[in-house]
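Reviewing the structure listed below.
There are 2 protein chains.
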Amino acid sequence: MSHEPKPGSFRHSVPAGDNRARLVCTDCGYVRYDNPKIVVGSVCGWEDRILMCRRAIEPSLGFWTLPAGYLELNETTESGAAREAWEEARARIEIERLLAVYNIPRISQVQLFYRARLASPEIAAGPESTEVALYRWEEIPWGELAFPSVRWALDHDREARLGGPPGVRTNPPGETGGMR
Amino acid sequence: MSHEPKPGSFRHSVPAGDNRARLVCTDCGYVRYDNPKIVVGSVCGWEDRILMCRRAIEPSLGFWTLPAGYLELNETTESGAAREAWEEARARIEIERLLAVYNIPRISQVQLFYRARLASPEIAAGPESTEVALYRWEEIPWGELAFPSVRWALDHDREARLGGPPGVRTNPPGETGGMR
């Protein structure tokens, strides 16, 4: 199950009317436009606790993350974030507002994190998690976070809960690390 | 220059470990993950005027739009919005903040619009525009807008300029129409 094209059948060339090289099939001329990917996730609160998941899959297997994953076709960013919370933690959530837009250009990702409330504290590990938990701030396993943007989103959510400035956050200054 | 795979060589099936049908090549097993696309654009102000472009290409050829287009690989959303302003209107812009995130799930698009300032009023039609203009609000060709989200972004930018609530806007209630 590879994301790479069949070897030999695609070449980099500039299609007519375009201005940069794309993967073009040498047999049929099909242009494979590679596009950045959208990751949608949430910081889900229950009282003073936050929902986290221990990853059952690579990358960062065994490390803790927020429920998040790739947006699917024909899905809104809000419904994608809710789907990921269900898939990874069997959590029913209510989206409150957009918390942050992070850019990870090295891996061509745009990540949208929402603030959300758990509809109930009933959670369970989905197929991509070995364990799920509702952590108080001081209980969060800071040394075992899966990705830099998990830390960013936790910090930005806390700022917002403590009455910080309104508006959507972006990458912390100088930070470009990713979720995957 | 088609976005469709070569007829006959791809079939819909569920890859091992996945939970929905993808296009899989019947020859080599290559899985073509189709993903939603990210459109980045801007509402660029110069004094009390806004930069608009008349489209030289389909869809909506001849109609007026804001500078916007697909985010490229390894690009941040801010730099993509600035690149589009340059490509379509030869405009140098300074991004101020994220104005809106619109979802157009029917065509699998997520659109990010930024508020921006023109660094100078020198603008010119790029290859995808027949004409560019700096319009006052009452001069905007409201009957000739290219896409619903052009109207949304103009309205939301005006709300923001008139001191409306902070925070990022989303689709107007009940609206799901797109940019492309």
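Chains as they are written, first to last, in my numbering: chain F, 1047 to 1226; chain G, 1047 to 1226.
From the three backbone atoms N, C-alpha and C, an ideal C-beta is built for every residue, glycine too.
Contact with chain G by residue i, beta-carbon distance below 8 Å
i, result
"P1187 of chain F", "no"
"D1201 of chain F", "no"
"E1121 of chain F", "yes"
"Y1012 of chain F", "Any question about residue 1012 of chain F goes unanswered here, given that chain F covers just 1047 to 1226."
"L1144 of chain F", "yes"
"V1147 of chain F", "yes"
"L1117 of chain F", "yes"
"D1094 of chain F", "no"
"I1084 of chain F", "yes"
"P1113 of chain F", "no"
"S1048 of chain F", "Low confidence applies to S1048 of chain F: its pLDDT is 37, below 50, so where it sits in the model is not reliable enough to give any reading."
"F1109 of chain F", "no"
Nearest-angstrom Cα separation, counted from residue j out to residue i
i, j, result
"P1194 of chain F", "G1223 of chain F", "6 Å"
"G1213 of chain F", "P1212 of chain G", "6 Å"
"V1077 of chain F", "R1100 of chain G", "27 Å"
"P1113 of chain F", "E1133 of chain F", "8 Å"
"Y1079 of chain G", "D1064 of chain G", "11 Å"
"E1205 of chain G", "L1164 of chain F", "32 Å"
"C1090 of chain F", "A1162 of chain F", "5 Å"
"Y1181 of chain G", "Q1157 of chain F", "33 Å"
"S1154 of chain F", "A1137 of chain F", "28 Å"
"G1210 of chain F", "D1201 of chain F", "11 Å"
"R1095 of chain G", "A1179 of chain G", "9 Å"
"S1166 of chain G", "I1141 of chain G", "13 Å"
"A1062 of chain F", "A1062 of chain G", "37 Å"
"R1129 of chain G", "R1152 of chain G", "26 Å"
"N1217 of chain F", "R1143 of chain G", "13 Å"
"E1104 of chain F", "A1171 of chain G", "47 Å"
"E1177 of chain G", "W1188 of chain F", "53 Å"
"E1229 of chain F", "S1175 of chain F", "Because chain F is modelled from 1047 through 1226, residue 1229 of chain F falls outside the range shown and cannot be assessed."
Expected contact under 8 Å - CB spacing of residue i and residue j to nearest Å
i, j, result
"A1135 of chain G", "I1169 of chain G", "5 Å"
"L1145 of chain G", "R1215 of chain G", "6 Å"
"A1131 of chain G", "F1159 of chain G", "The pair is not a contact, with the Cβ atoms about 12 Å apart (cut-off 8 Å)."
"L1117 of chain G", "P1082 of chain F", "5 Å"
Environment of residue i [buried if 16+ CB atoms lie within 10 Å]
i, result
"P1173 of chain F", "exposed"
"A1192 of chain F", "buried"
"R1066 of chain G", "exposed"
"H1058 of chain G", "exposed"
"N1120 of chain F", "exposed"
"I1139 of chain F", "buried"
"I1150 of chain G", "buried"
"G1115 of chain G", "buried"
"P1219 of chain F", "exposed"
"T1122 of chain G", "buried"
"G1087 of chain G", "buried"
"D1203 of chain F", "buried"
"V1060 of chain G", "exposed"
"I1084 of chain F", "buried"
"V1147 of chain G", "buried"
"T1072 of chain G", "exposed"
"E1050 of chain F", "Residue placement at E1050 of chain F is poorly supported in this model, since its pLDDT is 45, which falls under 50; the coordinates are not used for a value here."
"G1075 of chain G", "exposed"
"A1127 of chain F", "buried"
"E1008 of chain G", "Nothing in the structure corresponds to residue 1008 of chain G, since chain G is present only between 1047 and 1226."
"E1124 of chain F", "buried"
Contact with chain F by residue i, beta-carbon distance below 8 Å
i, result
"S1166 of chain G", "no"
"G1213 of chain G", "yes"
"S1154 of chain G", "yes"
"I1169 of chain G", "no"
"P1194 of chain G", "no"
"P1105 of chain G", "no"
"P1218 of chain G", "no"
"G1223 of chain G", "no"
Paired residues, beta bridge with residue i - DSSP
i, result
"I1096 of chain G", "G:G1091 and G:Y1181"
"W1110 of chain F", "F:R1100 and F:L1191"
"N1149 of chain F", "F:V1156"
"L1200 of chain F", "Note: L1200 of chain F sits in no beta bridge, so no partner."
"A1162 of chain F", "F:C1090 and F:I1141"
"Y1116 of chain F", "F:V1085"
"V1077 of chain F", "F:V1070"
"R1215 of chain G", "G:A1146"
"S1175 of chain F", "F:R1101"
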